Structures are given as structure tokens and as C-alpha cells.
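Note sheet for the following structure.
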Amino acid sequence: MKTLTVAFEDGRSFSLPAELLRVQSPSAEVQGHSPDQRKLVAGRRHVGIMAIEPVGNYAVKLVFDDLHDTGIYSWHFLYALGETQEETWQGYLAELAARGLSRDP
Numbered sequence: 088m089k090t091l092t093v094a095f096e097d098g099r100s101f102s103l104p105a106e107l108l109r110v111q112s113p114s115a116e117v118q119g120h121s122p123d124q125r126k127l128v129a130g131r132r133h134v135g136i137m138a139i140e141p142v143g144n145y146a147v148k149l150v151f152d153d154l155h156d157t158g159i160y161s162w163h164f165l166y167a168l169g170e171t172q173e174e175t176w177q178g179y180l181a182e183l184a185a186r187g188l189s190r191d192p
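Shown next as C-alpha cells:
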């Protein structure tokens, strides 16, 4: 699956690309334990979601086909990412370009 569509009780819904979800993963592996430890994930243009597992009533765990599976995506996180999707994506692309990295594997 290349896109996760999430609908919320307030009527809003967001279609979030797997690549965006992967590179913005809330996992410590990506985000680190402080802002200066955050890692830029490159080369994930073709990543897909293999599984979605519920985590209580507050989140889902996404399993990606690159075997990343440590992010717990709360509904709050997904909503916020949906609201800021375009700005987040443009920031990601700019950061890749600044570091000479690519979305391609």
C-alpha cells in the first residue's frame, strides 16, 4: 500500500503517502531522543506499507516494506501530519537537497 487514508470524527480525512509516513516516523530511530538527534531518511521513494496494527485506541503501528516497524503513529500525530502535509513534505525535500541526498534508493 502506497497511501494511508485516515478519517477523523470531525469529518476531516487525509491521504498520507507511505514515503512521508516513513521519513517522518515518530520512532526514536528517526526522531532520536532530542531534536538534534533527528535523522534524515533518504532513499524511500518506493516504500510501501505492509501492515497496520492497532495500538490500543490511540494509535497504529505501521510496518513498512523496508522493515521499519518501530514507529507508533498516534491519531493526534496523523491528524497533525495531515494538516501540515504540504509544508512537511516541502521541508523534507529542501533538507534532502541541502544535504545532496535523494528520494531514490
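Residues in the sequence shown are numbered consecutively from 88, following the numbering used here. By construction, the Cβ of each residue, glycine as well, lies at the ideal position given by its N, Cα and C atoms. None of these values were measured; they are calculated from a predicted model.
Beta strand (DSSP E) segment containing residue i, residue limits
| i | result |
| --- | --- |
| A146 | 146–151 |
| F101 | 100–104 |
For residue i, the three-state DSSP class (helix, strand or coil)
| i | result |
| --- | --- |
| T157 | coil |
| L183 | helix |
| R171 | Before going on, a small fix: residue 171 reads as Thr here, not Arg. T171 falls in the coil class under three-state DSSP. |
| L91 | strand |
| P192 | coil |
Identity of the residues DSSP links to residue i by a beta bridge
| i | result |
| --- | --- |
| E140 | K148 |
Euclidean distance between Cα positions of residue i and residue j
| i | j | result |
| --- | --- | --- |
| T90 | D191 | 18 Å |
| H163 | G187 | 32 Å |
| P122 | W176 | 18 Å |
| E174 | E106 | 15 Å |
Own chain residues within Cβ distance below 7 Å of residue i, not counting five before or after
| i | result |
| --- | --- |
| S194 | Lying outside 88 to 192, the shown extent of the chain, residue 194 is not represented and no answer is given. |
Cut-off 6 Å between Cβ atoms - residues of its own chain near residue i, not counting five sequence neighbours on either side
| i | result |
| --- | --- |
| L165 | V93 |
N- and C-terminal bounds of the alpha helix (DSSP H) containing residue i
| i | result |
| --- | --- |
| E58 | Residue numbering for the chain in the displayed model covers 88 to 192; residue 58 lies beyond these limits and cannot be assessed. |
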